[in-house]
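Residue numbers (the working numbering): 23 to 243.
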Amino acid sequence: MSQPARLAASILNADFARLGEEVARLEPHLDFLHLDVMDGHFVPNLSFGIPVIASLRRACSLYFDCHLMVTNPTSLFAKVKEAGGDMVTIHIEVWPDPTQAAAQARALGLDFGLVINPPTPFGAVAPFLSLCDRLLVMSVDPGFGGQAFLPEVLEKVAAARKFIDSAGLSTDIEIDGGITPETARLARRAGADSFVVGSALVRAPDPVRAAREIRAAVKDE
Ligand code: DX5
Ligand code: ZN
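(1) Give the single residue among P141, R183, A189 whose Cα lies nearest to the Cα of L172.
(2) Using 8 Å as the threshold, is the C-beta distance between P164 and V59 below it?
(3) Could you tell me if N139 is buried or exposed, where buried requires 16 or more neighbouring beta carbons within 10 angstroms of its beta carbon?
(4) Would you say the beta carbon of F166 is closer than 7 Å to some non-hydrogen atom of the ligand DX5?
(5) So what does DSSP say about G199, is it helix, strand or coil?
(6) Where does G135 sit, in a helix, a strand or coil, going by DSSP?
(7) Do three or more CB pairs link the region 145–164 to the region 107–116 at distances below 8 Å?
(8) Going by DSSP in three states, A214 sits in which element: helix, strand or coil?
(9) Closest by CA to G62, which one among R231, G71, H56?
(10) With a threshold of 7 Å on Cβ separation, who are the neighbours of G135 within its own chain once the five nearest residues in sequence on each side are excluded?
(11) By the 10 Å Cβ neighbour count, where 16 or more other Cβ atoms means buried, how is F38 classified, buried or exposed?
(12) Could you check the C-alpha separation between D210 and A232 for me, to the nearest Å?
(13) I need the straight-line Cα distance from L130 to P120, nearest angstrom please.
(14) Does DSSP put S192 in a helix, a strand or coil?
(15) With respect to the beta strand (DSSP E) encompassing I112, which residues constitute its N-terminal and C-terminal limits?
(16) Going by the C-beta, is H56 closer than 7 Å to any heavy atom of the ligand ZN?
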C-alpha cells in the first residue's frame with residue numbers, strides 16, 4: 023500500500039544567491055527538503071556540500087533528505103549528521119553491498135536509503151530493501167536538474183511497490199527527476215510515495231502554486 027503522498031523540493035536549480043529566501047517561501051508547502059550533493063566524479067557536475075546543508079539547517083526546520091551522488095558516500099555520513107541532515111541516500115551503483123553502510127548511518131542516528139539509476143535493474147536493490155527507510159528511484163540520469171522524465175522507470179517503481187508490499191516492508195518509494203504534475207500522477211499510479219521536484223517548483227513563476235498543482239496531481243483518486 024502506498025503511503026500518503028509526500029512532496030519535497032530539490033534546490034539544485036534554485037537561485038543559490040537567494041537560497042534562504044526560496045526555501046523559506048516553499049517550507050510551509052513541503053513535507054521535506056531534498057539536498058543533492060555531487061562530487062564531480064560519480065556524476066559529471068558539482069553542486070554543494072556540507073557547509074550549505076549546515077546553513078540551511080539554521081534557516082529551515084524541514085526534514086533533510088540528503089541524496090549523495092558521490093563516489094565515497096560513507097565518508098560524508100558523520101559530517102552530514104553534524105550539519106543537520108536527517109537521512110542519507112546512497113547509490114547502489116557505487117555501493118553494491120550496502121549492509122555496512124546502512125549500519126554506519128544508523129549508528130550515527132541517520133535514516134538510510136538506497137538510490138537506483140535508470141539503467142540499473144530493480145534486482146540490484148531488492149535484497150537490501152529491508153535495511154532501507156527509503157528507495158529513491160531516479161527518473162533521469164543523475165547530475166543535472168531540468169531533464170526530461172524517463173517513463174521506462176515506472177516499471178521499476180511498480181516492481182518496488184509490489185516487492186515492498188508483499189514483504190510487508192514500510193520502505194518509502196521516492197521518485198526524483200523531471201517531476202511535473204503529469205509525471206507525478208504517473209509515478210503515483212505506479213506506486214511512488216514521495217515526489218522530489220526541482221525545476222518545476224523553483225523555476226516556476228509562482229512556486230507556491232506549482233507546489234499546490236503537484237499535490238493535487240498526486241491526490242489519490
Ligand atoms: C538530479 C537530482 C535531482 C534533480 C531534480 O541529479 O538528483 O534531485 O535536481 O530536478 P528536476 O526536478 O529539475 O529534474
Ligand atoms: Zn536528487
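All C-beta atoms, glycine included, are put in the ideal place defined by N, C-alpha and C. It should be emphasised that the depicted structure is a prediction, and the values quoted were computed from it without experimental measurement.
The short version:
(1) Considering only alpha carbons, the answer is P141.
(2) no
(3) buried
(4) yes
(5) coil
(6) strand
(7) yes
(8) coil
(9) G71
(10) M109, T111, C154, D155, R156, L157, L158
(11) Around the beta carbon of F38, fewer than 16 other beta carbons sit within 10 angstroms, so the residue counts as exposed.
(12) Correcting the residue identity first, residue 210 is Arg in this sequence and not Asp. Computed Cα separation, rounded: 17 Å.
(13) In this structure, the CA atom of L130 is about 16 Å from the CA atom of P120.
(14) coil
(15) 109–113
(16) yes
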